[in-house]
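Asks: Sequential numbering of the sequence shown, starting at 1, is according to the numbering used here.
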Amino acid sequence: MLGYKNVERVKPSGLELVDKLVGVQRVTKVTKGGRAFGFSAIVVVGDGNGVVGHGLGKSKDVSSAIAKAVEDAKKNLVRIPILDGTLPHEQKGKFGGAKVFIKPASHGTGVIAGGAVRLVLEAVGIKDVLSKSQGSSNPHNVVKATFDALLQLRSAATIAKQRGISLEKVFNG
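(1) Comparing C-alpha positions only, which one of D47, K20, E90, S64 sits nearest to D148?
(2) With 16 as the cutoff for other CB atoms within 10 Å, does V177 come out buried or exposed?
(3) By DSSP's criteria, L21 is part of a beta bridge. Which residues make up the other side?
(4) Please classify T86 as buried or exposed, where buried requires at least 16 other C-beta atoms within 10 Å of its C-beta.
(5) In its own chain, which residues sit with a C-beta less than 6 Å from the C-beta of G23, not counting the 5 before and 5 after it?
(6) Where does G97 sit, in a helix, a strand or coil, going by DSSP?
(7) May I ask you to report which of helix, strand or coil DSSP gives T158?
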């Protein structure tokens with residue numbers, strides 16, 4: 001979460017967090033005694049009200065990998081600005097080979113997103129949004145690209161404060 005301005009970190013205590021499993025991968029390490037199987041899980045947690053985090057867990061069995069991922073996700077919680085159930089403005093995010101474009105939508109549109117992007121946006125609590133995922137479909141990179149886009153979002157109040165002008169002047173020039 002480095003390199004982003006005005007990112008508000010959140011403590012997990014007192015929040016009703018819901019975890020969503022994005023994906024589980026079976027990884028194999030070949031040793032002289034044969035193959036050693038392990039699992040890595042990527043999880044997104046959110047309170048459905050602007051707080052979200054993602055985490056990665058690795059273990060020899062699936063359930064403990066998921067538990068580790070949830071613990072990791074709770075350490076990386078951030079607050080995302082939401083405006084009437086949608087985004088304040090459109091934004092592009094990129095991580096590795098994955099590119100994500102998210103755009104605010106009118107009330108009643110729903111979450112138009114696929115795979116990992118949908119899970120992240122639902123965990124944040126965004127109800128109406130349009131999105132397009134381009135490039136890599138690797139869930140790890142898509143989740144991080146979605147976070148890149150979400151962390152760049154700024155509310156009108158934040159912009160007014162940063163520029164030192166009134167909220168009306170942000171909209172009316």
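The beta-carbon is built from N, C-alpha and C at its ideal position, and this holds for glycine as well. These numbers were taken from a predicted model, which means no experiment stands behind them.
Replies: Taking the geometry as given:
(1) E90
(2) The requested residue 177 is not part of the displayed model; the chain covers only 1 to 173.
(3) V43
(4) buried
(5) I42, P139
(6) coil
(7) helix
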